[in-house]
Amino acid sequence: MTRAMKKLYSPWFLVPVGAIFFVLFLLPTLMSFFFSMTTWTLTYWKFTGFDNLRMFFREISLRISFKNTLIYSVLTCGFKVVLGLIFGAILSSHMLKTRHFLRSVLFFPNLISTLAVGLTFKSLMHPTRGLINAMLRGIGIAGPDWLGNHNIALYSIIGIDVWKGVGIATVIYISGILSIPEQYYEALSIDGGSTWDKFIHITVPLCRPARNSVIILAFIGGMRTFDLVWVTTKGGPGFYTDLLASVIYKQYCAGYYGLATLGNVLMLLLICALAYPLYFYITRKEVDL
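Heads up, the sequence shown is in the working numbering, so the first residue is 1 and it goes up one at a time.
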């Protein structure tokens, strides 16, 4: 930066932005750490120390949300990474004449609100009147209660999430694959490489930055999921599909504001504790083209 530019852009220009960031983001975050150790309402608060923390891990309905959140985030992330790569490789092929149409079809679920998707699949997965079980009955299979059976309810919601989110993962992969120089593929073709060889030895390693973006976005998105779970099962049956976000919402609705604030703090710490090491691990081997 030249001396003239330094004079033109004074550091004082950062003060308004810094003040806004402090008031709207940093201060509420710091206050949440304090109020997570209190019992409070809008007009009253009482410091309780780590009582909320002990209660959070003592109650099975709260404790199970940690396990469900980890399962949900890992599985949705994994499926989006794998399926997005497969669809991205197929839909970036110039030999596929309908690739533009298929891209639009695959991306379409992202244009629908999560509320609408949840309500639609809640109807489709109804145990007696749902279209999915009706189709299964047509071929002689008794369909399960997709959202009412505690053994499969969480995985049913995971399937819905993957159906809705794999489109954006595919778009990210397509942009990464199309940025790979065509000369690499031509060189491998000259050496007698097959389509599979091109995929394994060129596409997979060189679209690593796109894959890393999908991993981080899908993992953090899974950790923060609330709306899809709430509109389909409200955390039921029992507490078997409760995630951290839905438990926090239930605590707020029940008037346990200190406990709910602690849940938000735990979610922040959990995301930081998992996402940051994951980010640094997966970005160590990125390939520069």
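Cβ atoms here follow ideal geometry from the backbone N, Cα and C, with glycine treated the same way.
For residue i, which of the options has the nearest alpha-carbon?
{"i": "residue 229", "options": "243, 207, 124, 51", "result": "243"}
{"i": "residue 170", "options": "187, 54, 210, 181", "result": "210"}
{"i": "residue 183", "options": "175, 72, 164, 198", "result": "198"}
{"i": "residue 189", "options": "179, 202, 17, 177", "result": "202"}
{"i": "residue 107", "options": "270, 205, 174, 249", "result": "174"}
{"i": "residue 90", "options": "33, 195, 60, 226", "result": "195"}
{"i": "residue 213", "options": "176, 192, 191", "result": "176"}
So the alpha helix (DSSP H) residue i belongs to, where does it begin and stop?
{"i": "residue 87", "result": "60-91"}
{"i": "residue 22", "result": "That residue, residue 22, is in no alpha helix (DSSP H); it is neither H nor E in DSSP."}
{"i": "residue 47", "result": "Where residue 47 is concerned, there is no enclosing alpha helix (DSSP H), although the beta strand (DSSP E) it sits in stretches over 45-47."}
{"i": "residue 170", "result": "153-178"}
{"i": "residue 230", "result": "227-232"}
{"i": "residue 261", "result": "257-282"}
{"i": "residue 97", "result": "It is not in any alpha helix (DSSP H) - residue 97 carries neither H nor E in the DSSP assignment."}
{"i": "residue 110", "result": "Segment: none, residue 110 is in no alpha helix (DSSP H) and carries neither H nor E."}
{"i": "residue 220", "result": "208-223"}
{"i": "residue 138", "result": "131-138"}
Who are the near neighbours of residue i in its chain, counting only those whose CB is closer than 8 Å to its CB and skipping five residues on each side?
{"i": "residue 231", "result": "114, 115, 118, 119, 122"}
{"i": "residue 79", "result": "158, 162, 166"}
{"i": "residue 326", "result": "One cannot answer for residue 326 here, as it falls past the ends of the chain, which runs 1 to 289."}
{"i": "residue 271", "result": "220, 223, 224"}
{"i": "residue 60", "result": "239"}
Skipping 5 residues on each side, what residues in its chain have a beta carbon closer than 7 Å to that of residue i?
{"i": "residue 152", "result": "144, 146"}
{"i": "residue 53", "result": "262"}
{"i": "residue 62", "result": "56, 247"}
{"i": "residue 125", "result": "132, 146, 147, 156"}
{"i": "residue 269", "result": "none"}
{"i": "residue 95", "result": "none"}
Suppose the cutoff is 6 Å on Cβ atoms and the five residues either side in sequence are ignored; what does the same chain contact list for residue i look like?
{"i": "residue 148", "result": "237"}
{"i": "residue 193", "result": "none"}
Measuring only the C-alpha atoms, how far is residue i from residue j?
{"i": "residue 246", "j": "residue 200", "result": "40 Å"}
{"i": "residue 81", "j": "residue 252", "result": "34 Å"}
{"i": "residue 100", "j": "residue 207", "result": "20 Å"}
{"i": "residue 283", "j": "residue 255", "result": "42 Å"}
{"i": "residue 76", "j": "residue 86", "result": "15 Å"}
{"i": "residue 104", "j": "residue 217", "result": "21 Å"}
{"i": "residue 235", "j": "residue 264", "result": "17 Å"}
{"i": "residue 279", "j": "residue 219", "result": "10 Å"}
{"i": "residue 276", "j": "residue 102", "result": "34 Å"}
{"i": "residue 257", "j": "residue 35", "result": "9 Å"}
{"i": "residue 249", "j": "residue 267", "result": "13 Å"}
{"i": "residue 40", "j": "residue 164", "result": "38 Å"}
{"i": "residue 136", "j": "residue 142", "result": "6 Å"}
{"i": "residue 233", "j": "residue 83", "result": "26 Å"}
{"i": "residue 274", "j": "residue 226", "result": "19 Å"}
{"i": "residue 28", "j": "residue 22", "result": "8 Å"}
{"i": "residue 74", "j": "residue 16", "result": "39 Å"}
Just to confirm the assignment, what range does the beta strand (DSSP E) spanning residue i have?
{"i": "residue 196", "result": "Taken as a continuous stretch (DSSP letters only), residue 196 belongs to no beta strand (DSSP E), being part of the alpha helix (DSSP H) at 195-198."}
{"i": "residue 120", "result": "First-last for residue 120: 114-124, but that is the alpha helix (DSSP H), not the beta strand (DSSP E)."}
{"i": "residue 29", "result": "Here residue 29 belongs to no beta strand (DSSP E); instead the alpha helix (DSSP H) covers 27-35."}
{"i": "residue 38", "result": "38-40"}
So residue i and residue j are in contact, right, with Cβ under 8 Å, and what is the actual spacing, rounded?
{"i": "residue 168", "j": "residue 110", "result": "5 Å"}
{"i": "residue 38", "j": "residue 50", "result": "Not quite, the Cβ-Cβ distance comes to about 11 Å (not below 8 Å), so this is no contact."}
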